[in-house]
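First comes the structure, then the notes that go with it.
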């Protein structure tokens, strides 16, 4: 029943990929806490495929054909970025006058900008490289936020050949997060959450640099909440 309630409220949140958060949570629990890789039943695969499609249909795209096309478009969002970037040297036609590092890391420091009096044009700041490339290729700006912006393409759009340095550094950091997610910390439930966050941060960097910094903020937020609750529980029990 608790799982059913979670599924219902998650479904009505309108998030297309909410089912993936639940699936990944179960996967990380068995992998990092129970220490074995769970077997995937076919029914779960069917649910994972059709739940986002059903959410899209109910969420507004009532026409099955358009909803299915949008669903396929979202599935290909991580791979078609290269198709959008390379033909006819499209990626080198981008001309950015904003800071690449600030734009890419906005998801990390953005929530705190008002505390320090930092104000930026959010519409300009949050224009992603993947979305810009898609607009040039197709003629319209993608309202769905895809395709994604892997750091290889994003760094090149901002820094050209200098991006090789940034990509090497970020790849080392991302792989380190994956490694520490698998090979560190005692086997407890809180540490299982930390491992899952570390692993998701590490892998998301290769798919979308903006998602990477968003996951870093989620990790930071989880750490602060966990430490606060631990501090309160220790002091209130005295």
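In the numbering used here, the protein residues as written are 3 to 240.
Every residue, glycine too, gets a C-beta built ideally from N, C-alpha and C.
Is residue 109 near residue 215, with beta carbons less than 7 angstroms apart?
yes
Using the C-alpha atoms, what's the distance from residue 165 back to residue 102?
11 angstroms
Under a three-way DSSP split, which group does residue 100 fall into?
coil
What did DSSP end up calling residue 3 once you bin it into helix, strand or coil?
coil
Go ahead and pull the three-state DSSP assignment for residue 52.
helix
Within 10 Å of its beta-carbon, does residue 83 have 16 or more other beta-carbons around it, so buried, or fewer, so exposed?
buried
Beta-carbon proximity list for residue 40, same chain, < 6 angstroms, skipping 5 on both sides:
32
If you check the beta carbons only, do residue 130 and residue 212 fall under 7 angstroms apart?
yes
Using CA atoms only, rank isn't needed, just tell me which of 222, 178, 132 and 12 is closest to residue 209.
132
Where do the ends of the alpha helix (DSSP H) carrying residue 111 lie?
108–111
Would residue 155 be called buried (16 or more neighbouring beta carbons within 10 Å of its own) or exposed?
buried
Is the stretch 52–60 touching the stretch 18–32 in the sense that three or more CB pairs, one from each, lie closer than 8 angstroms?
yes
Out of 178, 225 and 220, which one is the CA nearest neighbour of residue 193?
225
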